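**Q**
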Amino acid sequence: MNAQQLSRRHVMQLAAGALASAGLVRGSLAASGSDTRAKAIIIYFSRTGTTKGLAEAAAAATGADLLELTLKEPYADDYSAMTGIARSERANNARREIAAAIPDLSGYDVVVIGSPYWWGGLSIPMRTFLMDHPLAGKRVLPFCVSASSSPSGAWADVRTFCPNAQIAEGFHTTESRAASSRDDLAAWLKRSGL
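Letter by letter, the sequence shown follows residues 426 to 619 in the numbering used here.
1. Could you tell me which whole alpha helix (DSSP H) segments of length 4 or greater appear in the region 484-532?
2. In angstroms with no decimal places, state the Cα-to-Cα distance between residue 554 and residue 486.
3. Thinking C-beta only, is residue 603 closer than 8 Å to residue 546?
4. Contact defined as beta carbons within less than 8 Å: I believe residue 515 pairs with residue 549. What is the distance between those atoms, to the nearest angstrom?
5. At which residues does the beta strand (DSSP E) containing residue 572 begin and terminate?
6. Taking DSSP as the reference, what is the three-state secondary structure of residue 580?
7. Apart from the five residues just before and just after residue 565, which ones in its own chain have a Cβ nearer than 6 Å to its Cβ?
8. Let me confirm a value: residue 504 is counted as buried when at least 16 other C-beta atoms fall within 10 Å, else exposed. Which label applies?
9. Could you check the C-alpha separation between residue 620 and residue 471 for me, to the nearest Å?
10. Which residues in the same chain have their Cβ closer than 8 Å to the Cβ of residue 449, if we skip the five residues on either side of it in sequence?
11. Once you ignore the five residues that flank residue 482 on each side, which residues in its own chain have a CB closer than 8 Å to its CB?
12. Measuring CB to CB, does residue 556 end up less than 8 Å from residue 520?
13. Take residue 475 and list the residues in its own chain whose beta-carbon comes closer than 8 Å to its own, dropping the five residues that flank it on each side.
14. Which residue wins for smallest C-alpha separation from residue 544, given the options 517, 562 and 512?
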């Protein structure tokens, strides 16, 4: 191989690497191991659709896989009945049986988790998921939606249930700002490496 061929090959490799890092080429580059982007999944629970809207926006912004945690026994539609049940579950550290099929998470480098903020922490379904899947060795990016509360309890829950994960700074918004927070969410994901 002469210097001109080596130089041409080197230029092609540099160009392919630049395209891959810009997200313009995937497919064959991913198969050859040249694509260094982390494989990500967004796992969320949403009772009213607010967290779901943010999770879908996050998936659209990043190309990450998306999984909604559905329940074998959904919460009551009536808000008062639901809040009484969920508050009692939280006080008793109860669990909710997840109906959604959880994929093998070993192929994911990054797990983005989205949850409403309920009575000082993550929703019971998200807590249940994290108790069953502590995401050891994963990079975890949490986001939550609250009526108006500080998200500190949610971040504490993530640290408790994911003790061996690399936990990034979380993203928080309120229900009233959720729809207008999608650009902020996308910027947070980008700063977090997605």
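For each residue, glycine too, the CB sits at the ideal point set by N, CA and C.
In this text, all values refer to a predicted model and were calculated from it rather than measured experimentally.
**A** According to the data block:
1. 504-516
2. 24 Å
3. no
4. 6 Å
5. No beta strand (DSSP E) contains residue 572, which DSSP labels as neither H nor E.
6. helix
7. Cβ within range, chain order: 536, 587, 590 and 592.
8. exposed
9. Look at the range of the chain in this structure, 426 to 619, and you will see that residue 620 is not part of it.
10. With a pLDDT of only 31 at residue 449, under 50, the local geometry of the prediction cannot be trusted, and the value read off the model is given with reservation. Nothing listed; no residue qualifies.
11. 607, 610 and 611
12. yes
13. Excluding residues within five positions, the ones whose Cβ falls inside 8 Å are 541, 570, 600 and 603.
14. 512
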